[in-house]
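Please read the structure below before turning to the comments.
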Amino acid sequence: MNMLIIISLVLSLSALLFVEGKGPRGGPSPHQLMNVFPECKSFGDAMMSKFKEQMRSGKISPQLCRDEECFKTVLQTVRCSVSDEPEEECVSKVTSFLQGSDCGE
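Throughout the sequence shown, residue numbering follows mature numbering (1 follows the signal peptide of the UniProt record, and there is no 0), covering -21 to -1, 1 to 84 in sequence.
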């Protein structure tokens, strides 16, 4: 369960960049963020596909969110509609990054 929270945090940032960032001028694109974790590409693609699909259908409208709770609800809606699970290597890389395991103290 904690791993899903970690992955959701990373993908939340990715989705936020999709909504607010427009690439080089508005910050990094979601694809640039996912390049940091190539092990998460298939899961990230599934999330992004559902995100776009639900935006087009009007099921979600993150542009109208004015607070973090609203955006969290939007992302939860997207995550719950994706049946895929992140691959173990994806979870491992994200966890290692968040715990600072690669910092070489």
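We put the beta carbon where it would ideally sit given N, CA and C, even for glycine. For clarity, every value in this text was computed on a predicted model and none was experimentally measured.
Residue span of the alpha helix (DSSP H) that contains residue i, given as start and end
i            : result
leucine 43   : Taken as a continuous stretch (DSSP letters only), leucine 43 belongs to no alpha helix (DSSP H), as it is neither H nor E.
glutamate 67 : 67 to 78
cysteine 59  : 47 to 60
aspartate 24 : 20 to 36
Own chain, CB closer than 6 Å to residue i, minus 5 neighbours either side, in chain order
i            : result
glutamate 66 : none
Residues near residue i in its chain [Cβ-Cβ closer than 7 Å; skip 5 each side]
i             : result
aspartate 24  : none
glutamate 18  : Glu66, Glu68, Cys69 and Lys72
methionine 13 : Ser(-8), Cys19, Lys20 and Gly23
Exposed unless 16 or more other CB atoms sit within 10 angstroms - verdict on residue i
i          : result
serine 54  : In the sequence under discussion, the amino acid at residue 54 is leucine, which differs from the serine named in the question. So leucine 54 counts as buried.
valine 73  : buried
proline 41 : buried
Proximal residues to residue i (C-beta, below 8 Å), its chain only, five neighbours per side dropped
i             : result
serine 75     : Asp81
methionine 34 : Ser40 and Pro41
Next on the checklist: For the stretch 14 to 29 against the stretch 63 to 78, do three or more pairs of beta-carbon atoms, one drawn from each stretch, fall closer than 8 Å, so that the two count as touching?
Outcome noted: yes
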